[in-house]
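First the structure, in the form of structure tokens, and then the observations on it.
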Ligand code: SF4
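In the numbering used here, the protein residues as written are 2 to 213.
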């Protein structure tokens with residue numbers, strides 16, 4: 002997404018629909034769906050719980066963590082946004098382990114997909130542009146059976162895919178096509194109306210029905 006000002010939302014959306022990223026880039030107003038709202042709420046609750054967990058382990062919050070040259074053990078920062086001319090990326094958490102920065106992604110879903118791991122690897126590449134001292138693994142935090150679950154992700158496994166993801170040209174790659182997942186997307190009404198207007202073939206997909 003070289004020519005797009007990259008945000009965490011754009012990057013995350015690019016795994017489900019590049020057309021969504023293009024709409025977002027063009028400032029098209031959508032309407033956040035109940036499903037997306039629920040995901041945001043779950044993510045917020047897991048974040049609060051994970052922060053309490055870190056504090057209970059004696060880990061201290063340090064919001065200057067990313068600009069530190071020398072790290073103190075047992076520190077974390079949360080909801081930190083890193084800016085450059087090319088991106089504004091929010092990290093759910095960044096922790097210190099073995100004197101290296103460990104990016105952490107809070108997942109609202111129980112099952113972890115490959116894209117979660119590629120996404121976190123993309124974050125590690127961007128984090129490295131700010132502070133070279135980044136760990137070779139990150140963490141995905143989810144909740145399973147009422148308990149916090151920590152999954153480690155080795156960046157070397159997903160590095161190539163993450164690098165290609167960061168280089169995608171949205172303008173030429175984004176294609177309009179309705180799919181099953183459209184019904185939980187903030188741009189559903191916009192895209193459904195566009196499909197009607199174009200008499201688009203993807204309307205034939207029986208799973209895509211007008212939202213009531
Ligand atoms: S409604 Fe479907 S096609 Fe439109 S942006 Fe959302 S996911 Fe993409």
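Using N, Cα and C, we set each Cβ at its ideal position, and we do this for glycine too.
Please read all numbers here as calculations on a predicted model, not as lab measurements.
Practice item. Starting from residue 96, follow its DSSP beta bridges and name the residues at the other end. Key: In the chain shown, the residue the question calls residue 96 occupies position 95. Its beta-bridge partners are 77 and 103.
**Study point:** Cβ shell of residue 113 (< 8 Å), same chain only, five flanking positions each side left out
**Key:** Counting from one through the chain shown, the residue named residue 113 turns up at place 112. Apart from sequence neighbours up to five positions away, the residues of its chain that approach residue 113 with a beta-carbon distance below 8 Å are 141, 143 and 152, ordered along the chain.
Review point. Bridge partners of residue 10, per DSSP?
Key: If you number the chain shown from 1, residue 10 lands on position 9. Paired residues: none, contrary to the question.
Check your understanding: Would residue 117 be called buried (16 or more neighbouring beta carbons within 10 Å of its own) or exposed?
Key -> Position 116 of the chain shown, counting from 1, holds the residue named residue 117. Buried, since its Cβ has 16 or more Cβ neighbours within 10 Å.
Review point. Just reading off the alpha helix (DSSP H) that residue 164 is part of, what are its end residues?
Key: Counting from one through the chain shown, the residue named residue 164 turns up at place 163. Its alpha helix (DSSP H) spans residues 156-168.
Exercise for review: Reducing DSSP to helix, strand and coil, say where residue 220 ends up.
Suggested key: There is no way to answer for residue 220, as the model of the chain reaches only from 2 to 213.
**Study point:** Unbroken stretches of the alpha helix (DSSP H), 4 residues or longer, contained in the stretch 17-87
**Key:** 19-26 and 35-57
Review point. Ends of the beta strand (DSSP E) at residue 138?
Key: In the chain shown, residue 138 corresponds to position 137, counting from 1. Run containing residue 138: 138-145, per the beta strand (DSSP E) assignment.
Point to revise | Residue environment, residue 14, which counts as buried when at least 16 other CB atoms sit within 10 Å | key: Against the chain shown, residue 14 aligns to sequence position 13. The residue in question, residue 14, is buried, as its Cβ has 16 or more Cβ neighbours within 10 Å.
Check your understanding: What are the start and end residues of the alpha helix (DSSP H) that includes residue 172?
Key -> Here the question's residue 172 lines up with position 171 in the chain shown. Segment 171-174, the alpha helix (DSSP H) holding residue 172.
Review point. What do you reckon, are the CB atoms on residue 136 and residue 103 nearer than 8 Å?
Key: For this step, residue 136 is matched to residue 135 along the chain shown. For this step, residue 103 is matched to residue 102 along the chain shown. Yes; because the gap between Cβ atoms is below 8 Å, this pair is in contact.
Review point. Who sits around ligand 1, taking every residue whose Cβ is closer than 5 Å to one of its heavy atoms?
Key: 18, 20, 21, 183, 186, 188, 189 and 192
Practice item. Could you say which of 127, 148, 167 and 6 lies nearest to residue 51 if we only look at CA atoms? Key: The residue you call residue 51 lines up with position 50 of the chain shown. The residue with the shortest Cα to Cα distance from residue 51 is 148.
Check your understanding: For the alpha helix (DSSP H) that contains residue 199, what are its first and last residues?
Key -> As a first step, residue 199 must be located in the chain shown, where it is residue number 198. Looking at the DSSP string, the run of the alpha helix (DSSP H) that includes residue 199 is 189-199.
Check your understanding: Taking all protein chains shown into account, do 16 or more other C-beta atoms lie within 10 angstroms of the C-beta of residue 29, making it buried, or fewer, making it exposed?
Key -> Translated into positions along the chain shown, residue 29 becomes position 28. When all chains shown are included, residue 29 counts as exposed.
Point to revise | Three-state secondary structure (DSSP) of residue 231 | key: The requested residue 231 does not occur in the structure, where the chain is confined to residues 2 to 213.
Check your understanding: How many whole angstroms separate the CB atoms of residue 94 and residue 77, which I take to be in contact at a CB cut-off of 8 Å?
Key -> In the chain shown, counting from the first residue as 1, residue 94 sits at position 93. In the chain shown, counting from the first residue as 1, residue 77 sits at position 76. Confirmed, about 6 Å.
Exercise for review: Report the rounded CA-to-CA distance for residue 54 versus residue 111, giving the unit in angstroms.
Suggested key: Along the chain shown, read from residue 1 onward, the residue named residue 54 stands at position 53. Along the chain shown, read from residue 1 onward, the residue named residue 111 stands at position 110. Separation of residue 54 and residue 111 (C-alpha to C-alpha, rounded to the nearest whole angstrom) is 18 Å.
Check your understanding: Which residue or residues does DSSP assign as beta-bridge partners of residue 89?
Key -> For the purposes of this step, residue 89 is taken as residue 88 along the chain shown, with counting starting at 1. Per the DSSP secondary-structure output, residue 89 pairs in a beta bridge with 8 and 84.
Check your understanding: Who are the near neighbours of residue 175 in its chain, counting only those whose CB is closer than 7 Å to its CB and skipping five residues on each side?
Key -> As a first step, residue 175 must be located in the chain shown, where it is residue number 174. Closer than 7 Å at the Cβ level, and outside the excluded window around residue 175, lie 19, 20, 22 and 23.
Practice item. Use the C-beta contact count for residue 65: other C-beta atoms within 10 angstroms, 16 or more gives buried, fewer gives exposed. Key: Here residue 65 refers to the residue found at position 64 when the chain shown is read from its first residue. It counts as exposed.
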